[in-house]
């Protein structure tokens, strides 16, 4: 996870530099921007420690992960200087005396930059870019703390267009494999595309996956109390809070992708095509259809055809969307895209088969959730249909299908073949 975050942060810095160069026609001071960013981050940590602000929901969340996520999301939201924050915060009675004003305004604005100078200039400069990054980070996290103190009554009105509540962030940053965004970035990279260009779609995919887990854990669905080693979202915030958190993440995912298309005009058609791909994978013909069929088949006899129909939709559809969208961003041709889809469909089924096996052979601690529920609830899975040995053989056969599909890319597909091997051996 640490390496992924470091690489993501590095890619985003590079993208910011490229964007700034396009706007100004000059080479930006990269080291200034980097130094400013880290200086603000460290000061924020110091302020938190000084004020002894610890919320139980954030105990296990590293600040660096929050920073990386916010930076990730705000890559395409920093083109313009926001209205002077002092004026906004001072003019809002609800903010008076809150930590948002105390720390964000004092530390980011008064201590580091001259607000009047920045607010009166129309030139996009490294200082303004760094200012936006710092404010995005501080106001997001501090605003989230403030929101928790007010019992999470909704999205922060002042930042409702750019921020999500801590309910969503808690689940989004609660660990996990980050499989879908990684697949998106790997597909783009293999086909000669830019990981930085694929970042907004990768981010959106993780938001959608997290929303699906939040809703999947609800009592009306799979009724799981644990997720990624922590209490499920609804166990912390209640069912209504979890519903809203999931809804917010789903909307934010599409906002992120569409904003990327609007911001990077030469690539807009690719972003919109990728957005449509993700919508299909997550929607009524994809993930939603698979979950519906899975619920409908509970307690009923099934066969391999029905099982595979569940697999390719419930799990496989978003995996296919991840790989296909990365390929689309990289401007893949029809032959390449078809091969990517074949791999995705087989790999998606493989991943679900191993998940079914781990529900029987794994441990709650390793998986971070309650196991053994499939058999208790009479779910149609590879294990309940074929038995453990049959499911293992089924997994090996499906893995070979995936290898064959990706073989057209030769050595470029080494990472995807390695992923097949690791999935066959996965313990969590």
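Residue numbers (my numbering): 1 to 428. The beta-carbon is built from N, C-alpha and C at its ideal position, and this holds for glycine as well. In this text, all values refer to a predicted model and were calculated from it rather than measured experimentally.
query, result
"For residue 257, three-class secondary structure by DSSP", "helix"
"Buried/exposed call for residue 423, threshold 16 Cβ in 10 Å", "buried"
"Inter-residue spacing [alpha-carbon to alpha-carbon] between residue 401 and residue 342", "9 Å"
"Which residues DSSP lists as bridging residue 221, in chain order", "Its beta-bridge partners do not exist; DSSP assigns none."
"Sheet register partners of residue 231 (DSSP bridge)", "226"
"Rounded distance between the beta-carbons of residue 406 and residue 198, thought under 8 Å", "Their Cβ separation, rounded to whole angstroms, is 18 Å, which puts residue 198 and residue 406 out of contact at 8 Å."
"Alpha carbon of residue 310 to alpha carbon of residue 21, nearest angstrom", "48 Å"
"Span of the alpha helix (DSSP H) around residue 384", "382-406"
"Span of the alpha helix (DSSP H), counted from its first residue to its last, around residue 313", "That residue, residue 313, is in no alpha helix (DSSP H); it is neither H nor E in DSSP."
"At least three beta-carbon pairs within less than 8 Å, the stretch 319-326 to the stretch 274-282", "yes"
"Inter-stretch contact at 8 Å, needing at least 3 Cβ pairs: the stretch 288-305 / the stretch 376-390", "yes"
"Cut-off 6 Å between Cβ atoms - residues of its own chain near residue 234, not counting five sequence neighbours on either side", "218, 242"
"Exposure of residue 206, with buried meaning 16 or more beta-carbon neighbours within 10 Å", "buried"
"Coarse secondary structure for residue 191, derived from DSSP in three states", "coil"
"C-alpha gap between residue 182 and residue 202, whole angstroms", "7 Å"
"Residue 191 and residue 395 closer than 7 Å at C-beta", "no"
"Validate contact between the stretch 259-274 and the stretch 208-225 using beta carbons, cut 8 Å, 3 pairs", "no"
"Beta-carbon gap between residue 249 and residue 210 smaller than 7 Å", "yes"
"DSSP-derived helix/strand/coil call for residue 207", "helix"
"Where the alpha helix (DSSP H) through residue 278 begins and ends", "268-282"
"Reference residue 431; option with closest CA among 388, 348, 338, 288", "Residue 431 cannot be examined here, being either before or after the span of the chain that is shown, 1 to 428."
"Beta-carbon contacts of residue 384 that lie in its chain and below 7 Å, excluding the five residues immediately before and after", "374, 375"
"Contact set for residue 307: own chain, Cβ-Cβ below 7 Å, skip 5 residues either direction", "380, 382, 385"
"Exposure of residue 312, with buried meaning 16 or more beta-carbon neighbours within 10 Å", "buried"
"Cβ-based neighbour list, residue 186, same chain, cut-off 6 Å, excluding 5 preceding and 5 following", "415"
"Coarse secondary structure for residue 331, derived from DSSP in three states", "coil"
"Among 412, 392, 180, 193, nearest to residue 449 - alpha-carbon criterion", "Residue 449 lies beyond the residue range present for the chain, which begins at 1 and ends at 428; the question has no answer from this structure."
"Contact set for residue 195: own chain, Cβ-Cβ below 7 Å, skip 5 residues either direction", "11, 185, 188, 189"
"Collapsed DSSP secondary structure at residue 433 in the structure displayed", "The structure shown does not extend to residue 433, since the chain spans only 1 to 428, so no value can be given for it."
"Contacting residues, own chain, Cβ-Cβ under 6 Å from residue 256 (five flanking each side not counted)", "200, 203, 204"
"Assigned exposure category for residue 429 - 16 Cβ within 10 Å defines buried", "Because the chain in this structure spans residues 1 to 428, residue 429 falls outside the shown range and cannot be described."
"Endpoints, the alpha helix (DSSP H) within which residue 420 is located", "414-424"
"Residue from 264, 272, 315, 305 whose Cα sits closest to the Cα of residue 289", "315"
"Contact set for residue 193: own chain, Cβ-Cβ below 6 Å, skip 5 residues either direction", "329, 330"
"Supposed close pair residue 412, residue 319 - CB separation, criterion 8 Å", "Between residue 319 and residue 412 the Cβ distance is about 19 Å, and since that is not below 8 Å, they are no contact."
"Contacting residues, own chain, Cβ-Cβ under 7 Å from residue 287 (five flanking each side not counted)", "212, 281, 313, 314, 317, 318"
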